[in-house]
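First up is the structure itself, then whatever we jot down about it.
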Amino acid sequence: MARIIVVEDEAIVAMATKMMLSNLSHETVVVVSVAEQAILEIAKHEADLILMDIKLKGEMDGIHAAEEIRKSKNTPILFVTGNSDAKTKLRIGKISNASILQKPVMMEDLKHSLNLLLISA
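Residue numbers 8 to 128, in the working numbering, belong to the letters of the sequence shown in order.
This is the structure in C-alpha cells:
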C-alpha cells in the first residue's frame, strides 16, 4: 500500500481518483486543488507518490508546482492530464522521477502507472 497525495482541482475527478486508489489498496493522504497549497501540503506530509493534475486553481500549474517540489523532495509524480500537446510533454520530460497518464483515467492504466513509479522509487 502506498501513501498518495492527490492534486486535482475538479472535485468529482478528485473523488473518483480517491475511490480508484482505495480500490487499488492505496491510501490518499490529502487532496488539494490549488498548486500553491499542494506545495505546502507535500512539504508537511510524507507520501510515496504525488498524483498531479496539470491545470489547477491558483497562479501556477501542476508542472510548475512539481518544479518547486523538486527543490526539496524527489517523491515520484504521476501527472494526470487531458492535455498531451508537445509543449506539455516537453515540460514534463524535464521533471525527474515523473510520468504522465492521459485522462480519462482507467483503473488498469492507473494501476500500471503507479506500479512503474513506485517500483522505481
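C-beta atoms are modelled at their ideal positions from N, C-alpha and C, and glycine is treated no differently.
Inter-residue distance for I46 and G65 is about 12 angstroms (C-alpha atoms, whole angstroms). Contact check for A54 against A105 fails: the beta carbons are separated by 8 angstroms or more. Counting along the chain, R77 sits inside no alpha helix (DSSP H), nor does DSSP assign it H or E at all. Excluding five sequence positions before and after D116, the CB atoms of its chain that fall closer than 7 angstroms to its own CB belong to L108, given in chain order.
Looking at N90, L125, K96 and D68, the one whose alpha-carbon comes closest to that of I84 is L125.
Between T24 and I61 a beta carbon distance of about 14 angstroms is seen, past the 8 angstroms cut, so the two are scored as non-contacting.
According to the DSSP assignment, D116 belongs to the alpha helix (DSSP H) that extends over M114 to S127.
Counting every other CB atom within 10 Å of its CB across the protein chains shown gives M114 a total below 16, marking it as exposed.
Between M67 and E34, the beta carbon gap of about 26 angstroms keeps them out of contact (Cβ cut-off 8 angstroms). For the pair V20 and V13, the Cα-to-Cα distance works out to about 10 angstroms.
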